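Asker: My questions will all concern the structure given below.
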Amino acid sequence: LFIDASERSGHPMPQTLFGVFFEEINHAGAGGLWAELVSNRGFEAGGSNIPSNIDPWSIIGDESSIIVSTDRSSCFENNKVALRMEVLCNSEGTNTCPSGGVGIYNPGFWGMNIEQGKSYKVVFYVRSTEAIDISVSFTSSNGLQTLASTNIIASASDVSNWKKMEVLFEAKETNHNSRLQLTTTKKGVIWFDQVSAMPLDTYKGHGFRNDLFQMLADIKPQFVRFPGGCFVEGEWLRNAFRWKASIGPWEERPGHFGDVWKYWTDDGLGYFEFLQLAEDLGALPIWVFNNGISHNDQVDTSSVLPFVEEALDGLEFARGDSSSRWGAVRAAMGHPEPFDLRYVAIGNEDCWKKNYRGNYLKFYDAIKRAYPDIKIISNCDGSSRPLDHPADLYDFHVYTSANNLFSMSNQFDKTSRQGPKAFVSEYAVTGKDAGTGSLLAALAEAGFLIGLEKNSDIVQMASYAPLFVNTNDRRWNPDAIVFNSFQAYGTPSYWVQRFFRESSGATFLNATLHKDSSTSLVASAISWKNSAGQTYIRIKAVNFGNNSVNLQISVGGLDPDSVKLSGSTNTILTSANLMDENSFEEPKKVAPIQTLLEQADKKMSLLLLPHSFTSFDLLK
Ligand code: AHR
Numbered sequence: 009l010f011i012d013a014s015e016r017s018g019h020p021m022p023q024t025l026f027g028v029f030f031e032e033i034n035h036a037g038a039g040g041l042w043a044e045l046v047s048n049r050g051f052e053a054g055g056s057n058i059p060s061n062i063d064p065w066s067i068i069g070d071e072s073s074i075i076v077s078t079d080r081s082s083c084f085e086n087n088k089v090a091l092r093m094e095v096l097c098n099s100e101g102t103n104t105c106p107s108g109g110v111g112i113y114n115p116g117f118w119g120m121n122i123e124q125g126k127s128y129k130v131v132f133y134v135r136s137t138e139a140i141d142i143s144v145s146f147t148s149s150n151g152l153q154t155l156a157s158t159n160i161i162a163s164a165s166d167v168s169n170w171k172k173m174e175v176l177f178e179a180k181e182t183n184h185n186s187r188l189q190l191t192t193t194k195k196g197v198i199w200f201d202q203v204s205a206m207p208l209d210t211y212k213g214h215g216f217r218n219d220l221f222q223m224l225a226d227i228k229p230q231f232v233r234f235p236g237g238c239f240v241e242g243e244w245l246r247n248a249f250r251w252k253a254s255i256g257p258w259e260e261r262p263g264h265f266g267d268v269w270k271y272w273t274d275d276g277l278g279y280f281e282f283l284q285l286a287e288d289l290g291a292l293p294i295w296v297f298n299n300g301i302s303h304n305d306q307v308d309t310s311s312v313l314p315f316v317e318e319a320l321d322g323l324e325f326a327r328g329d330s331s332s333r334w335g336a337v338r339a340a341m342g343h344p345e346p347f348d349l350r351y352v353a354i355g356n357e358d359c360w361k362k363n364y365r366g367n368y369l370k371f372y373d374a375i376k377r378a379y380p381d382i383k384i385i386s387n388c389d390g391s392s393r394p395l396d397h398p399a400d401l402y403d404f405h406v407y408t409s410a411n412n413l414f415s416m417s418n419q420f421d422k423t424s425r426q427g428p429k430a431f432v433s434e435y436a437v438t439g440k441d442a443g444t445g446s447l448l449a450a451l452a453e454a455g456f457l458i459g460l461e462k463n464s465d466i467v468q469m470a471s472y473a474p475l476f477v478n479t480n481d482r483r484w485n486p487d488a489i490v491f492n493s494f495q496a497y498g499t500p501s502y503w504v505q506r507f508f509r510e511s512s513g514a515t516f517l518n519a520t521l522h523k524d525s526s527t528s529l530v531a532s533a534i535s536w537k538n539s540a541g542q543t544y545i546r547i548k549a550v551n552f553g554n555n556s557v558n559l560q561i562s563v564g565g566l567d568p569d570s571v572k573l574s575g576s577t578n579t580i581l582t583s584a585n586l587m588d589e590n591s592f593e594e595p596k597k598v599a600p601i602q603t604l605l606e607q608a609d610k611k612m613s614l615l616l617l618p619h620s621f622t623s624f625d626l627l628k
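Residue numbers (mature numbering (1 follows the signal peptide of the UniProt record, and there is no 0)): 9 to 628.
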């Protein structure tokens with residue numbers, strides 16, 4: 009591999025090159041990154057019907073002691089369903105309540121993670137015809153062990169109208185599979201609505217689960233594409249994600265059933281929180297909105313204007329100053345400064361649908377008129393032929409086998425350099441090569457990404473998909489980050505992304521790889537300056553074959569004409585078996601191992617193990 013490391017060599021790669029695609033799939037947000045512990049906090053999961061679906065809430069007590077139903081008596085206009093609990097037993101007398109009382113409990117998303125010494129805030133709304141004495145507690149999954157508990161006592165006049173109650177707890181013990189209980193031993197009728205339990209300790213208090221946020225921060229994403237994916241489209245338009253229903257006070261958010269990935273979301277992680285997430289990661293938000301098209305129904309172009317207005321309002325919400333109508337709503341939510349929204353995508357994977365072009369142009373014209381600087385992403389792939397409509401970027405999605413993706417390291421070599429740029433907004437090896445996240449898949453992805461770096465004059469952005477999976481609800485395999493209520497690990501595909509975190513904004517160096525045709529090898533070199541101003545050269549090589557390769561490296565054009573041995577490192581991602589995966593038991597079975605380079609010079613001979621991804625960082 010001959011590398012020209014001179015200042016004038018190569019081309020600068022876009023600052024936006026590598027980012028993340030966050031979709032509400034696999035409980036990535038609800039029951040994942042969004043730290044809310046209660047699932048179905050408004051008892052609304054059945055929609056506005058009565059009786060509603062209160063799942064996963066369950067009842068403590070039998071028919072002789074408690075009757076639970078739902079009605080439409082809530083004080084919240086957008087979600088009228090409330091839970092009605094008629095307590096038939098009492099603390100004394102003929103029908104005595106069981107010890108511990110009767111009531112309801114919520115197990116959260118397959119168990120709440122309650123940790124000793126950590127604080128939790130429980131909020132709920134309550135109404136009753138009588139005085140109340142309610143025990144609020146976190147318990148083990150069978151209710152027998154109490155981790156934190158407090159009593160809420162109020163007079164009848166205090167709760168004759170809906171009243172907000174707030175409790176701050178510190179847990180006495182740890183239990184990763186806990187539940188929240190609301191119980192009483194006092195006869196009467198009590199209504200509950202909008203019950204929330206949040207750990208106090210979330211990223212900057214913004215509601216993001218710390219460990220999952222950190223895993224994102226560690227790959228230094230330059231953008232966050234959100235919130236889908238198919239989640240944006242819906243099977244039916246009535247179930248698509250609509251931003252206006254996801255903002256404002258959490259109690260007023262109606263929530264919705266995401267009918268593609270088949271679960272209810274309370275939409276605590278809404279449009280505002282997505283914008284906040286991007287800002288907290290130091291990344292640019294890329295908002296994908298519904299363009300009047302779902303999987304099964306479409307709005308005609310002649311009637312799409314309300315959707316266009318909705319998108320324009322969404323842009324004003326993100327970017328308008330606080331004197332604008334929607335900017336004021338954002339400011340009231342605690343973010344007076346505009347968010348740095350520069351990119352939007354008109355729909356997801358809709359290019360082939362009848363109304364796409366017509367609808368697209370309505371959005372395009374209206375957005376460009378109001379916000380000429382906003383970059384607009386089309387769903388139509390322009391990598392092999394020019395688009396028939398204007399766009400700044402186009403989506404390119406690829407889910408394929410390992411061999412295919414590895415060979416696609418040349419995918420953009422022949423793409424026209426004129427016209428819109430490519431946004432590889434979803435890529436992954438899927439199917440039997442990938443399992444639930446194999447080394448094989450990761451190696452192919454590494455080869456593909458090196459190809460994207462090489463072509464980063466036309467490829468502006470790339471993100472792996474999907475990003476997260478809650479292991480209790482795998483809707484899609486594989487995914488980059490796997491978690492349950494308290495643990496998380498990266499798949500090999502996640503670790504591959506760590507090798508590219510310095511690439512965005514770096515220089516892609518001119519490098520020539522000489523190899524014989526039987527060698528499955530892709531290699532590249534980049535250079536960048538770290539925050540201390542030191543310049544590094546990173547050589548990356550994927551050996552996709554089953555023989556080791558002796559890579560001769562020759563670095564020319566160095567000024568001063570040398571590399572430093574100290575600080576130069578060697579990082580390898582490999583494993584004993586190609587189909588090896590990580591797990592909660594062995595989270596780093598397939599993870600990069602870094603060592604100091606024993607030999608670092610302008611000319612080096614380095615061994616690449618079979619089926620491995622290796623990087624060499626040379627300090628200039
Ligand atoms: O990443 C999973 C799904 O794959 C996305 O929702 C969709 O855009 C694609 O089909």
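No residue lacks a Cβ here, since even glycine has one placed at the ideal position from N, Cα and C.
Quick caveat: nothing in here was measured; it's all calculated off a predicted structure.
Taking only the alpha-carbon atoms, compute the straight-line gap between glycine 54 and lysine 252 and give it to the nearest angstrom.
Answerer: C-alpha separation (whole angstroms): 20 Å.
Asker: CB-CB under 6 Å to tryptophan 269, same chain, minus the five flanking residues each way: which ones, in chain order?
Answerer: These residues qualify, in order along the chain: Ile33, Arg483.
Asker: Is any heavy atom in ligand 1 found nearer than 7 Å to the beta carbon of alanine 38?
Answerer: Result no, Cβ not under 7 Å from ligand 1.
Asker: Less than 8 Å between C-beta atoms, sequence neighbours within five positions excluded: which residues of the same chain meet that for glutamine 153?
Answerer: The answer, listed in chain order, is Thr147, Glu181, Asn183.
Asker: From phenylalanine 507 to serine 613, what distance separates their C-alpha atoms?
Answerer: About 21 Å.
Asker: Specify the secondary structure class of threonine 309 as computed by DSSP and reduced to three states.
Answerer: Of the three classes helix, strand and coil, the one that applies to threonine 309 here is helix, per DSSP.
Asker: Closest to threonine 95 by CA distance: which of Asp288, Cys105, Asp421 is it?
Answerer: With the sequence shown as reference, residue 95 is identified as valine, and threonine is not the correct amino acid for it. If we check each option's Cα against that of valine 95, Cys105 comes out closest.
Asker: By the 10 Å Cβ neighbour count, where 16 or more other Cβ atoms means buried, how is glutamine 23 classified, buried or exposed?
Answerer: Classification of glutamine 23: exposed, given that the 10 Å Cβ count is below 16.
Asker: Determine the closest residue to glutamate 123 out of Val563, Lys628, Gln495, Arg327, with distance taken between C-alpha atoms.
Answerer: If we check each option's Cα against that of glutamate 123, Gln495 comes out closest.
Asker: Whole angstroms is fine: what's the gap from isoleucine 75's alpha carbon to glycine 266's?
Answerer: Each residue's Cα considered, the two are about 30 Å apart.
Asker: Identify the residues that DSSP records as bridge partners of leucine 176: which are they?
Answerer: Bridge partners of leucine 176: Lys129.
Asker: If you draw a straight line from the alpha carbon of arginine 333 to that of tryptophan 295, how long is it in whole angstroms?
Answerer: Cα to Cα, arginine 333 sits roughly 20 Å from tryptophan 295.
Asker: I'd like to check one pair, leucine 529 with asparagine 551: are the Cβ atoms closer than 8 Å?
Answerer: Yes, the Cβ-Cβ distance between asparagine 551 and leucine 529 is below 8 Å.
Asker: Whose CA, out of Gln468, Leu277, Gly108, lies closest to the CA of alanine 43?
Answerer: Of Gln468, Leu277, Gly108, the residue nearest in Cα terms is Leu277.
Asker: Is the CB-CB distance between tyrosine 279 and isoleucine 255 below 8 Å?
Answerer: Taking 8 Å as the Cβ cut-off, tyrosine 279 and isoleucine 255 qualify as a contacting pair.
Asker: In angstroms, rounded to a whole number, what distance separates the CA positions of serine 556 and glycine 342?
Answerer: Each residue's alpha carbon lies about 56 Å from the other.
Asker: Determine whether the Cβ of proline 618 lies closer than 8 Å to any Cβ atom of chain D.
Answerer: No chain D appears in the structure shown, which is made up of a single protein chain.
Asker: Between which two residues does the alpha helix (DSSP H) harbouring phenylalanine 508 extend?
Answerer: Note, phenylalanine 508: premise wrong, no alpha helix (DSSP H); not H, not E.
Asker: Whole angstroms is fine: what's the gap from serine 168's alpha carbon to glutamate 100's?
Answerer: Going by the C-alpha atoms only, they are around 24 Å apart.
Asker: Quick one: what does DSSP say valine 240 is sitting in, helix, strand or coil?
Answerer: Residue state, collapsed to three classes: helix.
Asker: So arginine 365 is in the alpha helix (DSSP H); what residue range does that whole segment cover?
Answerer: Element bounds for arginine 365: 364 to 378.
Asker: Under 8 Å: do the stretch 579 to 594 and the stretch 441 to 450 share three or more Cβ pairs, one atom per stretch?
Answerer: Segments in contact, yes.
Asker: Please state whether the Cβ-Cβ distance between alanine 514 and methionine 21 is less than 8 Å.
Answerer: Yes, the pair counts as a contact, with Cβ atoms nearer than the cut-off.
Asker: Leaving out five residues before and five after phenylalanine 216 in sequence, what residues of the same chain have Cβ atoms less than 6 Å from its Cβ?
Answerer: Around phenylalanine 216: Leu41, Thr210.
Asker: Mind pulling the alpha helix (DSSP H) runs of 4 or more residues that sit fully within the stretch 377 to 448?
Answerer: Entirely contained in the stretch 377 to 448, the alpha helix (DSSP H) runs reaching 4 residues are, in chain order, 410 to 415.
Asker: Once the 5 residues before and after glycine 119 are set aside, which same chain residues still bring their CB inside 7 Å of it?
Answerer: The residues are Ser149, His184, Asn185, Ser186, Ser493.
Asker: Exposed or buried, what is valine 197 when buried is set at 16 or more other beta-carbons lying within 10 Å of its beta-carbon?
Answerer: Exposed, because fewer than 16 other Cβ atoms sit within 10 Å of the Cβ of valine 197.
Asker: On the CB-based measure, 16 or more other CB atoms within 10 Å of its CB, does asparagine 304 come out buried or exposed?
Answerer: Classification for asparagine 304: exposed.
Asker: Return helix, strand or coil for valine 598, following the three-state DSSP convention.
Answerer: Three-state DSSP puts valine 598 in coil, outside helix and strand.
Asker: Using the beta-carbon count (16 or more within 10 Å), is lysine 194 buried or exposed?
Answerer: With 16 or more Cβ atoms within 10 Å of its Cβ, lysine 194 is classed as buried.
Asker: Where do the N-terminal and C-terminal ends of the beta strand (DSSP E) with leucine 626 fall, by residue?
Answerer: Taken as a continuous stretch (DSSP letters only), the beta strand (DSSP E) holding leucine 626 covers 620 to 627.
Asker: How long is the line joining the alpha carbons of leucine 615 and asparagine 412, rounded to whole angstroms?
Answerer: Using only the alpha carbons, I get a separation of about 25 Å.
Asker: According to DSSP, simplified to helix, strand and coil, what is glutamine 284?
Answerer: Of the three classes helix, strand and coil, the one that applies to glutamine 284 here is helix, per DSSP.
Asker: Would you call the CB atoms of arginine 201 and leucine 91 closer than 8 Å?
Answerer: Before going further, note that residue 201 is aspartate rather than arginine in the sequence given. The answer is yes: Cβ separation under 8 Å.
Asker: For aspartate 79, which beta-bridge partners are listed by DSSP?
Answerer: BP columns for aspartate 79 point to Ala90.
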